[in-house]
Amino acid sequence: MNRRALLRTAALTGLAAATGLAAASRAASAAPAAGVVNGSWLVSVGWGVLQVDPGRTTPRELLPNGDHAKASPDGRYVAWENTARSGDGSLEPFVAVHDRITGEKRTLLADPFGVYYGAPTWSPDGTEIALVTGENRDRLIAVDVATGATRVLVEGHVMADPDWSRDGSMIVVRWRSRSQGWQLRVLELATGAVRPIYTPVPGETFLSPVFTPDSGRVVFCTDRWYPDLETLNQSLASVRINGTGLKKLTDEPRFYLSPVFSPDGRYCAALSIPPENEYPDGGNIIVSTSGFGEQWWIPGDEYDDSTRLDWARAITTEVPA
């Protein structure tokens, strides 16, 4: 067996463990094991959304346009946004939901070109999505998925990258303070209070905050520890929701984008760049246990200009053929 085949076999072994699928011949039909929770990865690539199915490494197109896709907690629906004008000028900004079983697309929000919609995040009960909007990207809203009705959660500051905690009580955002610059802040939904949990050091770049499955910490990407490296200089880090306990999670500096935990909470995946990649302008999927020990790569296509990775819950239509 050559090196490429060995790497593929090793990755598929890790993939099988992470998705709960027993190893099986790609040519044979495979049924999900009892209690399977983890399903497909969704990779937003700017011009559309790709889906990498359990037991596979080659993606297929899920959506031909849109960006920043996020699956509902039950895995059935995908919310995504588009703010770029299409080549013929016909595609205006929108937020939509795709049904992965029926293929139906339903638009929730739509406006003339120039209106900004940010990356959506689902409430844990699947009834709402939250996202940043506003001409100045200074309004965090919640949208009722059934009706399209909106409510303002907080406004008045530039925000980005919201993530709704699995316990439903909080949303974390990147928040630009007028006096202190960019921070991580948590919105407590019961009270409306917004409090900082992380302020970077001068010159630090950080992004992609996501709650841990127990809602006790926030994981994010940062170049805090390797600021002088020109490329591939990020780490994954985490901080408690009370702002204490900053922890560096990964030892080797590399590019990381959009960490996401598996639906069962046992694994964390992110977009990253393999060391042998000669042209670091895209990403592949890297997976680790939730303790951020051993990591393995999912081989396959390079996702140029990727913007977001998500890990959907398994649904019946994801049984590999």
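Every position in the sequence shown, counted from 1, becomes a number in my numbering once 1326 is added.
Using N, Cα and C, we set each Cβ at its ideal position, and we do this for glycine too.
Please return the same chain residues whose Cβ sits closer than 6 Å to the Cβ of residue i, not counting the five positions on each side in sequence.
i: glycine 1474; result: Leu1434
i: alanine 1436; result: Phe1420
i: proline 1589; result: Val1363, Asn1364 and Arg1639
Give me the Cβ distance between residue i and residue j, rounded to the nearest whole Å; I'm assuming they're in contact under 8 Å.
i: alanine 1486; j: arginine 1500; result: 5 Å
i: valine 1423; j: serine 1632; result: That belief does not hold up - the Cβ atoms of valine 1423 and serine 1632 are roughly 21 Å apart, past 8 Å.
i: serine 1584; j: leucine 1597; result: 5 Å
i: serine 1614; j: arginine 1592; result: Going by Cβ atoms, the distance from serine 1614 to arginine 1592 rounds to 10 Å, so no, they are not a contact pair.
i: isoleucine 1611; j: tryptophan 1367; result: 6 Å
Give me, in chain order, the residues of the same chain whose beta-carbon lies closer than 7 Å to that of residue i; leave out the 5 immediate sequence neighbours on both sides.
i: glutamine 1506; result: Thr1525
i: glutamine 1509; result: Trp1501, Ser1503, Pro1522, Tyr1524 and Thr1525
i: glutamine 1374; result: Rather than glutamine, the amino acid found at residue 1374 in this sequence is glycine. Glu1387, Leu1389, Pro1390, Asn1391 and Gly1392, listed in sequence order.
i: alanine 1516; result: Ser1495
i: leucine 1558; result: Pro1579, Arg1580, Phe1581, Ile1599 and Pro1606
i: valine 1527; result: Arg1550
i: glycine 1482; result: Asp1464
Would you tell me roughly how many angstroms separate the C-alpha atoms of residue i and residue j, rounded to the nearest one?
i: threonine 1459; j: proline 1438; result: 13 Å
i: isoleucine 1427; j: phenylalanine 1587; result: 23 Å
i: leucine 1479; j: leucine 1376; result: 31 Å
i: threonine 1570; j: proline 1535; result: 16 Å
i: proline 1600; j: glycine 1609; result: 8 Å
i: arginine 1463; j: arginine 1477; result: 15 Å
i: isoleucine 1455; j: valine 1362; result: 25 Å
i: arginine 1543; j: proline 1579; result: 21 Å
i: leucine 1347; j: proline 1539; result: Because the pLDDT of leucine 1347 is 35, which lies under 50, any placement of that residue in the model is unreliable, and the question is left without a value.
i: serine 1541; j: leucine 1533; result: 18 Å
i: aspartate 1489; j: valine 1371; result: 19 Å
i: serine 1351; j: proline 1553; result: Residue confidence for serine 1351 is low, a pLDDT of 27 falling below 50, so the modelled location carries little weight and cannot support an answer.
i: alanine 1472; j: threonine 1453; result: 7 Å
What residue range does the beta strand (DSSP E) around residue i cover?
i: serine 1598; result: 1593-1598
i: isoleucine 1612; result: 1610-1615
i: histidine 1483; result: It is not in any beta strand (DSSP E) - histidine 1483 carries neither H nor E in the DSSP assignment.
i: tyrosine 1582; result: 1582-1587
i: tryptophan 1406; result: 1403-1408
i: aspartate 1627; result: Per DSSP, aspartate 1627 belongs to no beta strand (DSSP E) and is neither H nor E.
i: tryptophan 1508; result: 1507-1514
i: phenylalanine 1546; result: 1543-1548
i: leucine 1533; result: 1532-1537
i: glutamine 1377; result: 1375-1378
i: glutamate 1364; result: For clarity, residue 1364 is asparagine in the given sequence; the question names glutamate instead. Counting along the chain, the beta strand (DSSP E) containing asparagine 1364 begins and ends at 1364-1370.
i: arginine 1648; result: The displayed coordinates of the chain run from 1327 to 1647. Any statement about residue 1648 would go beyond what the structure contains.
Quick one: what's got a C-beta closer than 8 Å to residue i's C-beta in the same chain, skipping five residues either side?
i: glutamate 1514; result: Ser1495, Met1496, Val1520 and Arg1521
i: aspartate 1451; result: Pro1399 and Gly1494
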